[in-house]
Each structure stands twice: as structure tokens, then as C-alpha cells.
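Asker: Have a look at this one before I ask anything.
Structure follows, in C-alpha cells:
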């Protein structure tokens, strides 16, 4: 008898032993066959980086009983690429889920996020993909309150699919009293970055990146608003970065060449 359970690729950027990926893996195992491919060490803030200057390692590991798992020496995006090419050998999974990230990936953070870039790569490969993140950066983060939402969103994507070249960015507030799900747009915000300058023992300066999150958006339809009001935010994301609204204006330019 043919197995009708969906195959689900689970990835992350916090590393293969992070509590968040264990929570996501266990939840997806309730739905279908799970294959985990994750970095061998934390890769937060890697964005859509890929490894091109050195060889990649992909090792099968036995960390949790009954789960097919692989440890990758590369970035989150490398994990997806290797999974599609070497593990699934072109027979793509039914779903790609990334996370659950320790820390939010709302608003402008999506551009820097390794978690979301892994999901984006899944979507580029034509796999329905979702990135999940929780507003708790600690290793002791409790994911239990958001797992029913994770499961339901995954089931909805499996049942309904996603528009072409689209994926979902899902963020959860830290509260254990989530009011529900809000379909949102990405808030207009940025990081006002600073660099903390220090001196090493050889009197040479070095720098630690710091910054303040600046919200430039008062809308009540954004991911920031939803999270601040104890809702899970769901933002549909596309990887076509063309500013289509700007094309008519550029057609009016006169290039003197």
C-alpha cells in the first residue's frame, strides 16, 4: 500500500541541536515523514549566503530515534540545496519548514535571517515553504504555546498550496496567550546600527555590532502590530525583488549615451 503521508524537509539556522528545531521536527512528525537537514553550528544572520570557496560536508547523524537527520557544514541555504540535490535526488519534498527560530524575523529582519533564507530557497526550488520564529532568544525558550499554530498553518499549506513564487513568514509573540493568527504585511522599519569600538591587547580596535530597531510604520495591518498585540503574524513573502511600481517612472528617464 502506498504511503500517502507528506514528506517534510525541516531546516533551521540555529544549528541541528537547537531546541527550536526539535520542537518543529516533533510537530511535523505528527503530519508526515520528516527529514532534517541543519547546520552543524549556529548560522544566525547569514541571510541567503551560500558556500562556494570551500567544500561542504553532509553527514547522517542519529540524534533522535526514528528521525532521518543530516548535519551540514554550510549555511541554511546550503542545507536546502544539498537536501534537494543529494538526499531527495530531485524528488522534492511536499513541504519545507524552517525554524523554529530563537528570536523574531519580522519586518526588515527577514533580509538578514538565515531561517527565512532557507525557506526562501525552498520556495525557489518550487517547494511550499514556511519560516517560523518565536520572540525568545534564549536556549530555554518554551515553544509549546505556538505548536498548535505551527501544525495548523503547515496543514493549511499542504491542503491549499501557496501562490507561485510565494512563501510564508510566521512569527509568534512570547506570550502563552496568543489571541489568534493575523495575515499581515511586513512593517516598514530598519535597524539604526552602531558599532561598539574596543581595543584588543595589541591596541588594535575591534567592533561589536549593536543597534536599535526603528519602526516607521503606524499601521494596524503589520507584523509588528500583530505581535505587539499578542497575535501570530503571517506574512506572504515573494523572492521576486523587482520594484514593479517603479518601472513606469524609469521608462521616463532619458539616458544620454
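In my numbering, the protein residues as written are 12 to 268. Here a beta-carbon is modelled for each residue, glycine too, at the ideal position from N, C-alpha and C. Given the structure is predicted, the values throughout are model-derived calculations rather than measurements.
1) Given this structure, state the Cα-to-Cα distance separating residue 158 from residue 213, to the nearest angstrom.
2) Label residue 198 either buried or exposed according to how many other C-beta atoms from any shown protein chain fall within 10 Å of its C-beta, with 16 as the threshold for buried.
3) Express the C-alpha separation of residue 45 and residue 194 in angstroms, rounding to a whole number.
4) When burial is assigned at 16 or more other CB atoms within 10 Å of the CB, is residue 41 buried or exposed?
5) Throw me the rounded Cβ distance for the residue 143 and residue 108 pair, which I believe falls under 8 Å.
6) Check whether the Cβ atoms of residue 238 and residue 184 sit closer than 7 Å, and answer yes or no.
7) Just to confirm, is the Cβ distance from residue 22 to residue 129 under 7 Å?
8) Going by DSSP in three states, residue 51 sits in which element: helix, strand or coil?
9) Can you tell me the Cα-Cα spacing of residue 94 and residue 33, whole angstroms?
10) Name the DSSP beta bridge partners of residue 158, please?
11) Apart from the five residues just before and just after residue 224, which ones in its own chain have a Cβ nearer than 7 Å to its Cβ?
12) Is it true that the CB of residue 31 sits closer than 7 Å to the CB of residue 52?
13) On the CB-based measure, 16 or more other CB atoms within 10 Å of its CB, does residue 216 come out buried or exposed?
14) For residue 245, which residues from the same chain have a beta carbon less than 8 Å from its beta carbon, with the 5 sequence-adjacent residues on both sides left out?
15) Check whether the Cβ atoms of residue 189 and residue 154 sit closer than 7 Å, and answer yes or no.
16) DSSP beta-bridge partners for residue 44?
17) Within 10 angstroms of the Cβ of residue 9, are there 16 or more other Cβ atoms? Answer buried if so, exposed if not.
18) What number of angstroms, rounded off, separates the C-alpha of residue 235 from the C-alpha of residue 118?
19) In three-state DSSP terms, what is residue 210?
20) In or out: residue 171 buried (at least 16 other Cβ within 10 Å) or exposed?
21) If you follow the beta strand (DSSP E) that residue 69 is in, where does it begin and where does it stop?
22) Which same chain residues, not among the five before or five after residue 15, have their C-beta less than 6 Å away from its C-beta?
23) Is the beta carbon of residue 152 less than 7 Å from the beta carbon of residue 187?
24) Helix, strand or coil for residue 221? Go by DSSP, reduced to three states.
25) Span of the alpha helix (DSSP H) holding residue 113?
Answerer: Reading off the structure:
1) Taking the chain shown and counting its residues from 1, one reaches residue 158 at position 147. Taking the chain shown and counting its residues from 1, one reaches residue 213 at position 202. Cα to Cα, the separation comes out at about 49 Å.
2) By one-based count along the chain shown, residue 198 stands at place 187. Classification for residue 198: buried.
3) Taking the first residue of the chain shown as position 1, residue 194 is located at position 183. Taking the first residue of the chain shown as position 1, residue 45 is located at position 34. Cα to Cα, residue 194 sits roughly 27 Å from residue 45.
4) Mapped onto the chain shown, residue 41 falls at position 30. So residue 41 ends up on the exposed side.
5) The residue labelled residue 143 in the question sits at position 132 within the chain shown. The residue labelled residue 108 in the question sits at position 97 within the chain shown. Yes, they are in contact, since the Cβ atoms of residue 143 and residue 108 sit about 7 Å apart, within 8 Å.
6) In the chain shown, residue 238 corresponds to position 227, counting from 1. In the chain shown, residue 184 corresponds to position 173, counting from 1. Yes. Within cutoff.
7) Against the chain shown, residue 22 aligns to sequence position 11. Against the chain shown, residue 129 aligns to sequence position 118. Yes, the pair counts as a contact, with Cβ atoms nearer than the cut-off.
8) Counting from one through the chain shown, the residue named residue 51 turns up at place 40. Three-state result, residue 51: coil.
9) Taking the first residue of the chain shown as position 1, residue 94 is located at position 83. Taking the first residue of the chain shown as position 1, residue 33 is located at position 22. Each residue's Cα considered, the two are about 18 Å apart.
10) The residue you call residue 158 lines up with position 147 of the chain shown. Looking at the DSSP output, residue 158 bridges to nothing.
11) Along the chain shown, one-based indexing puts residue 224 at 213. Excluding sequence neighbours, residue 224 sits near 200, 202.
12) Start at 1 with the first residue of the chain shown, and residue 52 comes out as number 41. Start at 1 with the first residue of the chain shown, and residue 31 comes out as number 20. Contact flag unset, no.
13) The residue you call residue 216 lines up with position 205 of the chain shown. Residue 216 comes out exposed.
14) As a working mapping, residue 245 is identified with position 234 in the chain shown. Within the same chain, residue 245 has close Cβ partners 164, 179, 180, 181, 192, 193, 194, 195.
15) Within the chain shown, numbered from 1, the residue matching residue 189 stands at position 178. Within the chain shown, numbered from 1, the residue matching residue 154 stands at position 143. Their beta carbons are not under 7 Å apart, which means residue 189 does not touch residue 154 by this criterion.
16) Here the question's residue 44 lines up with position 33 in the chain shown. Residue 44 pairs with 18.
17) Missing from the structure shown is residue 9; the chain here goes from 12 to 268 and no further.
18) By 1-based counting over the chain shown, the position of residue 235 is 224. By 1-based counting over the chain shown, the position of residue 118 is 107. Cα to Cα, residue 235 sits roughly 7 Å from residue 118.
19) On the chain shown, position 199 is the one that residue 210 refers to. Looking at residue 210 - three-state DSSP - the assignment turns out to be strand.
20) Numbered from 1 along the chain shown, position 160 holds the residue referred to as residue 171. Taking all protein chains in view, the Cβ of residue 171 is surrounded by fewer than 16 other Cβ atoms within 10 Å, so the residue is classified as exposed.
21) For the purposes of this step, residue 69 is identified with residue 58 of the chain shown, where counting begins at 1. That run of the beta strand (DSSP E) goes 69-72.
22) Start at 1 with the first residue of the chain shown, and residue 15 comes out as number 4. If we look at residue 15 and ignore the five residues flanking it on each side, it has no Cβ neighbours.
23) Here residue 152 refers to the residue found at position 141 when the chain shown is read from its first residue. Here residue 187 refers to the residue found at position 176 when the chain shown is read from its first residue. No.
24) Locating residue 221 in the chain shown gives position 210, where the first residue counts as 1. Looking at residue 221 - three-state DSSP - the assignment turns out to be strand.
25) By one-based count along the chain shown, residue 113 stands at place 102. Counting along the chain, residue 113 sits inside no alpha helix (DSSP H); it lies in the beta strand (DSSP E) bounded by residues 106-113.
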